Structure formats: structure tokens, C-alpha cells
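Colleague:
Numbering (this note's numbering), first residue to last: 218 to 526.
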């Protein structure tokens, strides 16, 4: 983005763990500032996954203009580097007609790509990449997760360990460089031609876990089983190696019962929320609110606007 007219624009970034109410808060804020919303969720991009990825509902999307939601086929993988480029191009377009844009999602790496840019990391050799992909295909993700724990325990604690793309990428960087992946993710922040204001949603752990459990029950009632069954032909794609779908695929394979699948979705969602918070807590620029209402956050944001513009 090089348009000088974006220098007086602001991007409000809403972060928080899964199940914390980011979508509702983002819509309230977007309505107040008459702003569009751009997604920073690494799974909400894909069509056919509305329930399992908790995409905004048609009613919510009718209230506020949404971007990068339900816009790609699951076969069209979108990595962080591509997301950074596409999202910045979309922001440049949106800032031509809006002073404010709201970004929302729980994918820490995609938020980092949008706000700071991606670190320059070496590519693996084709032979190493082929070897790791073969191990993933034949042995599943768990052996690679364990190798990552040995090679880089710091990144192991924060990575989404159900995401094969991120686990595989970290392992291949460790093996290529001989250094922990986390030690190399320290590139200089790329300056953006717009102001960035980050707001985080926090909940007491037990209350958050209860919200997650109830949301999974709601997803099941809305038809997650049927949605996952429709995605069976794509089960080996990265987009479908995701909490909610992986467990349902095991149920379809007869490895577990439906009740066990639901309980595993709840457990794995809670674990994912914990890793999300580990990631976000490291960002000192986030202003945290416990169980916030839209009015409280809007009051904070209006004060920032008044002081900075």
C-alpha cells in the first residue's frame, strides 16, 4: 500500500480466543463507525465451512459489509504470505471510501501478517518438503508435532498443533537452518500507512470454556455433521485439517462415536483457545477488555480517534 491518502485511516483489530464473541463485537463497532469488516481468520475464507468455522451469519453480513469471508474454494489454499498481499490490496480499496476498517479473527499469524508483515524465512529443499509431506501422509500429524516439540519447544507451546501447514513449515525451517523456528521469527515490523488499534476480548477461563462448549453444541444443532460429511472428499486438504472436521472424519471412519467426537471437538477447541491467548498475550499493543460490551469498547476507540485525529 503506497496511497498517501491512507495515512489518516485506521484499522481496528479485534482479537481474542475462539468462542469469545469477536464477531458480535466487531459488528457493533463496524456499525458505529460505518466501517466494513475484513477477516483475519485462516479458515473463514473457505466456502462450505460456514458452521464449523463460525462464519458470520447471513443476517450479520447483511448488517455490515464483510470481506475475505466465504470467498475461496477449499482447494485454493491461502497461506500467510498470500493473505498479507490480498488483505493489503483490499484495505487500500476500502480506505478510499472509509476512514475506518475493522479486522476480526483469531488467527494470530494472519493478524501479524496484516499488521506487521511476515518474516523472511528460508524455503526448504524440494527433497525435504517431499519427505515431510510423505511422513504426514503416512504417519499423520502427531509425529511431526512431537518432532517440533523437540526442535522448538517455545513454538510448540503456541502453534495450532492441529494445523499441519504450520507444524510442517516450522519443522522444515528448523531442519533447514539448524535453529529453532521461533528464534528466526523476529524480523523488523513493516510500517503500515494507516493507524492500527488492537482490542482484545478476555474471559475468565471457566466462563470461556463454558462458552466454547455451548458453541460446539450449537454447531451440532445447526448441522456440523452434515457439513463435515459434505467435505469428506476434501478431507486431506489443509483447510479441512481443522478442529471440528478432523474429529467428525474420525467418527465417519468408525474410530469414535458421535458423542466422543463432540467431546473431542470441545476439548480441542478449549486447547486451541489456550494457545491463542498465549500468542496474543505477547502483544503489548493489545488493549484488553474483560467481557466487554460494544459501548465500552466504542468509548475507548472514540477517545483514541479524538486524541489522534
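All C-beta atoms, glycine included, are put in the ideal place defined by N, C-alpha and C. Just so we're clear, the structure is a prediction, and the values are computed from it rather than from any experiment.
Within a Cβ cutoff of 6 Å, which residues of the same chain sit near residue 366, ignoring the five residues on either side of it in sequence?
Modeller: Residue numbering aside, residue 366 sits at position 149 when the chain shown is read from its first letter. Within the same chain, residue 366 has close Cβ partners 373.
Colleague: State the start and end residues of the unbroken beta strand (DSSP E) segment that holds residue 229.
Modeller: In the chain shown, the residue the question calls residue 229 occupies position 12. Note, residue 229: beta strand (DSSP E), 227 to 232.
Colleague: Where does residue 222 fall in DSSP's three states?
Modeller: Translated into positions along the chain shown, residue 222 becomes position 5. Since pLDDT at residue 222 reaches only 49, below the 50 mark, its modelled position is unreliable, and the value read off the structure follows with that caveat. Helix, per DSSP.
Colleague: Give every residue of the same chain whose Cβ lies closer than 8 Å to the Cβ of residue 307, excluding the five residues on either side of it in the sequence, and list them in chain order.
Modeller: Sequence index remark: in the chain shown, residue 307 carries index 90 (1-based). So the qualifying residues of the chain are 255, 284, 285.
Colleague: Can you tell which of 371, 453, 321, 421 has the C-alpha that lies nearest to the C-alpha of residue 400?
Modeller: The residue given as residue 400 occupies position 183 in the chain shown. Ranking 371, 453, 321, 421 by Cα distance to residue 400 puts 371 first.
Colleague: Would DSSP call residue 347 helix, strand or coil?
Modeller: Mapped onto the chain shown, residue 347 falls at position 130. Residue 347: helix per DSSP, three-state reduction.
Colleague: Counting only the same chain and skipping the five closest in sequence on each side, list residues whose C-beta sits under 7 Å from that of residue 493.
Modeller: Start at 1 with the first residue of the chain shown, and residue 493 comes out as number 276. Here the set comprises 234, 235, 323, 325.
Colleague: Cα-Cα, which of 350, 378, 355, 351 is closest to residue 363?
Modeller: By one-based count along the chain shown, residue 363 stands at place 146. Nearest C-alpha to residue 363: 378.
Colleague: Do you know whose CA, among 228, 232, 225, 226, lies nearest residue 496's CA?
Modeller: In the chain shown, residue 496 corresponds to position 279, counting from 1. Out of 228, 232, 225, 226, 232 has the C-alpha closest to the C-alpha of residue 496.
Colleague: Specify, as a first and last residue, the run of the beta strand (DSSP E) that residue 507 falls within.
Modeller: Here residue 507 corresponds to residue number 290 of the chain shown, with the count starting at 1. 503 to 507 is the span of the beta strand (DSSP E), which, as asked, contains residue 507.
Colleague: Going by the CB atoms, is the gap between residue 263 and residue 291 shorter than 7 Å?
Modeller: One-based indexing of the chain shown puts residue 291 at position 74. One-based indexing of the chain shown puts residue 263 at position 46. It is a contact, given that the beta carbons lie within the stated cut-off.
Colleague: Is the beta carbon of residue 414 closer than 7 Å to that of residue 521?
Modeller: As a first step, residue 521 is located in the chain shown; it is residue number 304 there, counting from the start. As a first step, residue 414 is located in the chain shown; it is residue number 197 there, counting from the start. Contact flag set, yes.
Colleague: Among the residues of its own chain, which have a CB less than 7 Å from the CB of residue 222, if the five just before and after it don't count?
Modeller: Position 5 of the chain shown, counted from the first residue, corresponds to residue 222. Residue confidence for residue 222 is low, a pLDDT of 49 falling below 50, so the modelled location carries little weight and cannot support an answer.
Colleague: Find out if the Cβ-Cβ distance for the pair residue 270, residue 320 is shorter than 7 Å.
Modeller: Residue 270 sits at position 53 when you count from the first residue of the chain shown. Residue 320 sits at position 103 when you count from the first residue of the chain shown. Against a cut-off of 7 Å, the Cβ pair of residue 320 and residue 270 comes out as no contact.
Colleague: So, at 6 Å on beta carbons, what are the nonlocal neighbours of residue 393 in its own chain, with the 5 sequence-adjacent residues on each side left out?
Modeller: The residue you call residue 393 lines up with position 176 of the chain shown. Around residue 393: 339, 341.
Colleague: What number of angstroms, rounded off, separates the C-alpha of residue 252 from the C-alpha of residue 272?
Modeller: As a first step, residue 252 must be located in the chain shown, where it is residue number 35. As a first step, residue 272 must be located in the chain shown, where it is residue number 55. C-alpha separation (whole angstroms): 18 Å.
Colleague: Run through DSSP, which three-state label would residue 414 get?
Modeller: As a first step, residue 414 must be located in the chain shown, where it is residue number 197. DSSP places residue 414 in strand when its eight states are reduced to three.
Colleague: Helix, strand or coil: which one does DSSP assign to residue 473?
Modeller: Taking the first residue of the chain shown as 1, we reach residue 473 at position 256. The answer is coil: DSSP assigns residue 473 none of H, G, I, E or B.
Colleague: Excluding the 5 residues preceding and the 5 following residue 381 in the sequence, name in chain order all residues of the same chain whose CB lies nearer than 8 Å to its CB.
Modeller: Taking the chain shown and counting its residues from 1, the one referred to as residue 381 is at position 164. For residue 381, where only same-chain residues beyond five positions count, the Cβ hits under 8 Å are 353, 358, 361, 455, 458.
Colleague: For residue 317, which of helix, strand or coil comes out of DSSP?
Modeller: To locate residue 317, count along the chain shown from 1; it is residue 100. If DSSP states are grouped into helix, strand and coil, residue 317 belongs with the strands.
Colleague: Run through DSSP, which three-state label would residue 289 get?
Modeller: Walking along the chain shown from the start, residue 289 turns up at place 72. If DSSP states are grouped into helix, strand and coil, residue 289 belongs with the strands.
Colleague: Which residue's Cα is closest to the Cα of residue 246: 519, 525, 523, 524?
Modeller: Against the chain shown, residue 246 aligns to sequence position 29. Of the listed residues, the one whose Cα sits closest to residue 246 is 519.
Colleague: Within a Cβ cutoff of 7 Å, which residues of the same chain sit near residue 333, ignoring the five residues on either side of it in sequence?
Modeller: In the chain shown, counting from the first residue as 1, residue 333 sits at position 116. Answer for residue 333: 406, 407, listed in chain order.
Colleague: Rounded to the nearest angstrom, what separates residue 386 and residue 498 at their Cα positions?
Modeller: Here residue 386 refers to the residue found at position 169 of the chain shown. Here residue 498 refers to the residue found at position 281 of the chain shown. Taking the straight line joining both Cα atoms gives about 23 Å.
Colleague: Following the continuous beta strand (DSSP E) through residue 255, name the residue where it begins and the one where it ends.
Modeller: On the chain shown, position 38 is the one that residue 255 refers to. Unbroken beta strand (DSSP E) run through residue 255: 254 to 256.
Colleague: In this structure, how does DSSP classify residue 336 when only helix, strand and coil are distinguished?
Modeller: Position 119 of the chain shown, counting from 1, holds the residue named residue 336. In the structure shown, residue 336 sits in coil (DSSP, three-state: anything other than H, G, I, E or B).
Colleague: For residue 451, which residues does DSSP report across the bridge?
Modeller: Taking the chain shown and counting its residues from 1, the one referred to as residue 451 is at position 234. Answer by DSSP bridge pairing: none, since residue 451 is not bridged.
Colleague: Suppose the cutoff is 8 Å on Cβ atoms and the five residues either side in sequence are ignored; what does the same chain contact list for residue 220 look like?
Modeller: Translated into positions along the chain shown, residue 220 becomes position 3. Residue placement at residue 220 cannot be trusted, given a pLDDT of 49 that sits under 50; the coordinates are not used to answer.
Colleague: Given that a residue counts as buried once 16 or more other Cβ atoms are within 10 Å of its Cβ, and exposed if not, what is residue 427?
Modeller: Counted from its first residue, the chain shown places residue 427 at position 210. Looking at its Cβ environment, which holds fewer than 16 other Cβ atoms inside 10 Å, residue 427 is exposed.
Colleague: Going by alpha carbons, who is nearest to residue 336 out of 304, 225, 402?
Modeller: Against the chain shown, residue 336 aligns to sequence position 119. Measuring from the Cα of residue 336, the nearest candidate turns out to be 402.
Colleague: How big is the Cα-Cα spacing for residue 348 and residue 383?
Modeller: Taking the chain shown and counting its residues from 1, the one referred to as residue 348 is at position 131. Taking the chain shown and counting its residues from 1, the one referred to as residue 383 is at position 166. When rounded, the distance between both Cα atoms is 16 Å.
Colleague: Could you check the C-alpha separation between residue 218 and residue 277 for me, to the nearest Å?
Modeller: Locating residue 218 in the chain shown gives position 1, where the first residue counts as 1. Locating residue 277 in the chain shown gives position 60, where the first residue counts as 1. For residue 218, the pLDDT reaches just 47, beneath the cut-off of 50, and the residue's location in the model is therefore unreliable, although a value from the coordinates is still provided. Spanning the two alpha carbons is a distance of roughly 29 Å.
Colleague: Judging by CA-CA distance, which residue of 227, 398, 300, 464 is the nearest neighbour of residue 368?
Modeller: Numbered from its first residue, the chain shown carries residue 368 at position 151. Ranking 227, 398, 300, 464 by Cα distance to residue 368 puts 398 first.
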